[in-house]
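Counting from 1 along the sequence shown, just add 559 to a position and that's the residue number in my numbering. Glycine included, C-beta positions come from ideal geometry on N, C-alpha and C. Data block below; observations after.
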Amino acid sequence: MKKGISPLIATVLVIGFTIALALVIFTWGKAFTQSLTEETGEKAQSQLACLQSNLVSFEIKKACYQGNSVTFTLENKGEATINKVSLRFTGLEDDQIDVRELELGLVALGIKSYTQEFDSQSVGSVATKLELLRPTFSDEGQEVICGDISEEIELKECAPAP
């Protein structure tokens with residue numbers, strides 16, 4: 560008589576291990592897809608908040624450069640406080656660019672002036688255009704970046720102080 564496990568017992572063990580492994584994979588997969596779905600839903604909700612026309616909207620009222628700094632007045636036309644914005648300065652050539660991030664804290668329906676320096680090595684001695692990109696606001700304690708909202712203005716040299 561041969562010693563070892565019978566083919567029937569071996570088959571039952573293989574089936575049992577397969578079922579146990581499948582249960583582990585299904586449990587992990589369910590938790591993974593559920594968390595991924597929730598995370599995607601939250602991001603989509605945030606982006607929808609950006610697209611609400613009355614929530615995030617701003618306009619550059621006036622802007623000028625002097626030396627290596629730009630002074631501009633920004634009006635928040637939306638209902639949310641704009642926390643941050645990315646600034647893109649363009650020089651005489653389109654490839655002369657400097658990007659900075661500016662903390663605003665501009666309340667809803669507020670108007671405020673800002674002065675921001677640019678890197679004259681990247682932009683050159685003259686900044687010809689200012690773009691405000693990716694405004695950020697808080698929605699239920701979560702920071703929301705609105706990637707599709709921007710505003711730009713052509714820059715002129717600031718008038719000398721009287």
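- L633 has I619 and K671 as its beta-bridge partners, per DSSP.
- By the CB criterion at 8 Å, L607 and G637 fall outside the cutoff.
- In the displayed model, E652 falls within coil according to three-state DSSP, outside both helix and strand.
- Listed as beta-bridge partners of V644 by DSSP are L661.
- Following the DSSP letters along the chain, one finds V682 inside the alpha helix (DSSP H) bounded by residues S679 to V682.
- Within its own chain, no residue has a Cβ closer than 6 Å to the Cβ of T570 once the five positions on either side in sequence are excluded.
- Judged by their CB atoms, V629 and D657 are not nearer to each other than the 8 Å cut-off.
- Within the same chain, and ignoring the five residues on either side of R647 in sequence, the residues whose Cβ sits closer than 7 Å to its Cβ are I656, V658, E690 and L692.
- Straight across, the Cα-Cα distance linking I708 with F617 is about 9 Å.
- A Cβ-Cβ distance of about 5 Å is found for the pair I641 and L665, placing them in contact under the 8 Å criterion.
- Contact annotation, E660 with K643: C-beta distance approximately 6 Å; criterion of less than 8 Å satisfied.
- In the structure shown, the three-state DSSP call for L691 is strand.
- Shown here, E710 sits in a strand according to DSSP, grouped into three states.
- Within a 10 Å sphere around the beta-carbon of L663 sit 16 or more other beta-carbons, which makes this residue buried.
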